[in-house]
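Participant: Below are the structure tokens for one structure; questions will follow.
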Amino acid sequence: MPILSATVRDLQSAEYLKSLALGAGDARRALPLWRKARGLDPDSATLASHEAHALLKTGDAAGAVRLLTEALPRWPRLAHLANLFGVALFEAGHPGEATRLFAHCLALDPEYPNAGESLANARAAKRGRPAPAAVRAAVDAALAAAERRGRPTLSVCMIAKDEEAFIGDALASVRGVADQCVVVDTGSTDRTVEICRAAGAEVAFLPWAGDFSAARNASLDHATGDWILVLDADERLTARSRTPLRAILEEYQDDSELRVVSVRIRNLARDGRFLGDGFSGRLFRNRPELRFEGRVHEEVGRSRADVSLDYRLDVEFDHFGA
Numbered sequence: 020m021p022i023l024s025a026t027v028r029d030l031q032s033a034e035y036l037k038s039l040a041l042g043a044g045d046a047r048r049a050l051p052l053w054r055k056a057r058g059l060d061p062d063s064a065t066l067a068s069h070e071a072h073a074l075l076k077t078g079d080a081a082g083a084v085r086l087l088t089e090a091l092p093r094w095p096r097l098a099h100l101a102n103l104f105g106v107a108l109f110e111a112g113h114p115g116e117a118t119r120l121f122a123h124c125l126a127l128d129p130e131y132p133n134a135g136e137s138l139a140n141a142r143a144a145k146r147g148r149p150a151p152a153a154v155r156a157a158v159d160a161a162l163a164a165a166e167r168r169g170r171p172t173l174s175v176c177m178i179a180k181d182e183e184a185f186i187g188d189a190l191a192s193v194r195g196v197a198d199q200c201v202v203v204d205t206g207s208t209d210r211t212v213e214i215c216r217a218a219g220a221e222v223a224f225l226p227w228a229g230d231f232s233a234a235r236n237a238s239l240d241h242a243t244g245d246w247i248l249v250l251d252a253d254e255r256l257t258a259r260s261r262t263p264l265r266a267i268l269e270e271y272q273d274d275s276e277l278r279v280v281s282v283r284i285r286n287l288a289r290d291g292r293f294l295g296d297g298f299s300g301r302l303f304r305n306r307p308e309l310r311f312e313g314r315v316h317e318e319v320g321r322s323r324a325d326v327s328l329d330y331r332l333d334v335e336f337d338h339f340g341a
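Counting from 20, one number per residue, gives the positions in the sequence shown under this note's numbering.
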């Protein structure tokens, strides 16, 4: 059945096409959907990366090189784009430029899956030819722009009371991702504060007054990062979420929208059994307009019509307090 879509910038239609492409199950069927979606939302780095990946899956490395020659200078600090560009250039017979891009990917995200192996393979390649001048210029421009822009920083903000059984693991789950951890303690009598300080967290104190938003906003007041990630003491950022989380910070670094990213919460019993899941708005820019509202069931920017929500399946917390 033919798909009819708008011919102007239309984010809602682009998101619909994205869902169809993700469900296509085959790169050849998905590729025209990614192209249409990107035509409707040309400012989406996510759609650019999906189209490039589909081109590679269908054997069109040259097409992926053309797309990424334009995309990477625009989004020079996205590790996923750098990795895809490296793969495309390697498959197109240009291991020299591929080496530079895999190294750049690892500089952006040292944990990026398989990038170390790809770098070693590119360095070991015995045959290859120089990439076209336009490609080399694009790589030069992207690497220079990435260095100028710098890395966005992240503050993890928590509230806690008598959480010695959980909070150490929560803090460990964001080590290496967070630039700052802030814990507002609301009256612990156990080792919660000691554990937090030993983990390098900054601890502030606020007497509990029955208002979750007040406590959470007190933690936000201490945040110095460009972005804030809100984590509960009985939650863990999953290991597979670390790379997508970094990518979000980079992709939206220049975003002026009031955007709240809702992450997937996987509720687990203490023995690890899966109980169910849901979404919660936990990641947002460190801006004074973005504050929690509601004494209970608190949400960021609940009363603001200008706050947009972005639901992500690729950033997950495991919640053990259920």
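No residue lacks a Cβ here, since even glycine has one placed at the ideal position from N, Cα and C. Being a predicted model, the structure only gives us computed values, none of them experimental.
May I ask which residues mark the beginning and end of the beta strand (DSSP E) holding residue 31?
Facilitator: From DSSP, residue 31 is part of no beta strand (DSSP E) but of the alpha helix (DSSP H) over 30-41.
Participant: Taking 8 Å as the threshold, find out whether the stretch 150-161 comes into contact with the stretch 271-290 through three or more Cβ pairs.
Facilitator: No: the two stretches stay apart, fewer than three of their Cβ pairs being nearer than 8 Å.
Participant: Taking the CB atoms as reference points, tell me whether residue 122 and residue 108 lie closer together than 8 Å.
Facilitator: Result no, Cβ atoms of residue 122 and residue 108 do not sit closer than 8 Å.
Participant: Starting from the Cα of residue 165, find the closest Cα among 91, 84, 180 and give me that residue.
Facilitator: Of 91, 84, 180, the residue nearest in Cα terms is 91.
Participant: Which residues mark the beginning and the end of the beta strand (DSSP E) in which residue 337 is found?
Facilitator: 326-338 is the extent of the beta strand (DSSP E) around residue 337.
Participant: Going by the beta-carbon positions, is the gap between residue 198 and residue 174 smaller than 8 Å?
Facilitator: yes
Participant: Let me confirm a value: residue 102 is counted as buried when at least 16 other C-beta atoms fall within 10 Å, else exposed. Which label applies?
Facilitator: Around the CB of residue 102, 16 or more other CB atoms lie within 10 Å, so the residue is classed as buried.
Participant: Can you tell me which of 110, 170, 42 puts its alpha carbon nearest to the alpha carbon of residue 273?
Facilitator: It is 170.
Participant: Along the beta strand (DSSP E) that carries residue 286, what are the first and last residues, could you check?
Facilitator: Residue 286 -> beta strand (DSSP E) spans 277-287.
Participant: Whole angstroms is fine: what's the gap from residue 231's alpha carbon to residue 255's?
Facilitator: 20 Å
Participant: May I ask which residues mark the beginning and end of the alpha helix (DSSP H) holding residue 89?
Facilitator: 80-93
Participant: Using only the alpha-carbon positions, how far apart do residue 220 and residue 79 sit?
Facilitator: If I take the Cα positions, the gap works out to 48 Å.
Participant: Can you check which of these residues, 233, 194, 183, is closest to residue 214 by C-alpha distance?
Facilitator: Residue 214 has its Cα closest to that of 183, out of 233, 194, 183.
Participant: Would residue 157 and residue 88 be called neighbours here (beta carbons separated by less than 8 Å)?
Facilitator: yes
Participant: Within 10 angstroms of its Cβ, does residue 68 collect 16 or more other Cβ (buried), or is it exposed?
Facilitator: buried
Participant: Mapping DSSP to helix, strand and coil, what is residue 299?
Facilitator: strand
Participant: Pick out whichever of 258, 55, 125 has its Cα sitting closest to the Cα of residue 337.
Facilitator: 258
Participant: Mind checking whether residue 247 and residue 298 have CB atoms under 8 Å apart?
Facilitator: no
Participant: For residue 314, which of 233, 45, 335, 276 has the nearest alpha-carbon?
Facilitator: It is 233 whose Cα lies nearest to the Cα of residue 314.
Participant: Work out the CA separation of residue 112 and residue 306 for me, nearest whole Å.
Facilitator: C-alpha of residue 306 to C-alpha of residue 112: approximately 46 Å in a straight line.
Participant: Taking the beta carbon of residue 227 as the centre, do at least 16 other beta carbons fall within 10 Å, making it buried, or is it exposed?
Facilitator: exposed
Participant: Between residue 43 and the rest of its own chain, which residues show a CB-CB distance below 6 Å, the 5 nearest in sequence each way excluded?
Facilitator: Once the five neighbours on either side are set aside, the close Cβ partners of residue 43 are 49.
Participant: From residue 206 to residue 180, what distance separates their C-alpha atoms?
Facilitator: 6 Å
Participant: In the DSSP assignment, find the alpha helix (DSSP H) that holds residue 179 and state where it starts and stops.
Facilitator: Run containing residue 179: none in the alpha helix (DSSP H); it sits in the beta strand (DSSP E), 173-179.
Participant: So residue 204 is in the beta strand (DSSP E); what residue range does that whole segment cover?
Facilitator: 199-204
Participant: DSSP three-state label for residue 221, please.
Facilitator: Under the three-state reduction of DSSP, residue 221 is assigned to strand.
Participant: Would you grab the beta carbon distance between residue 312 and residue 301 for me? Rounded to a whole angstrom, and I think it's under 8 Å.
Facilitator: No, residue 312 and residue 301 are not in contact; Cβ-Cβ is about 15 Å, not under 8 Å.
Participant: Please classify residue 195 as buried or exposed, where buried requires at least 16 neighbouring CB atoms within 10 angstroms.
Facilitator: exposed
Participant: When the Cα of residue 211 is compared with those of 70, 189, 141, which residue comes out closest?
Facilitator: 189
Participant: Measuring CA to CA, which of 81, 328, 98 is closest to residue 126?
Facilitator: 98
Participant: Going by C-alpha distance, which of 52, 115, 327, 178 is nearest residue 279?
Facilitator: 327
Participant: Is the beta carbon of residue 249 sitting closer than 8 Å to the one on residue 176?
Facilitator: yes
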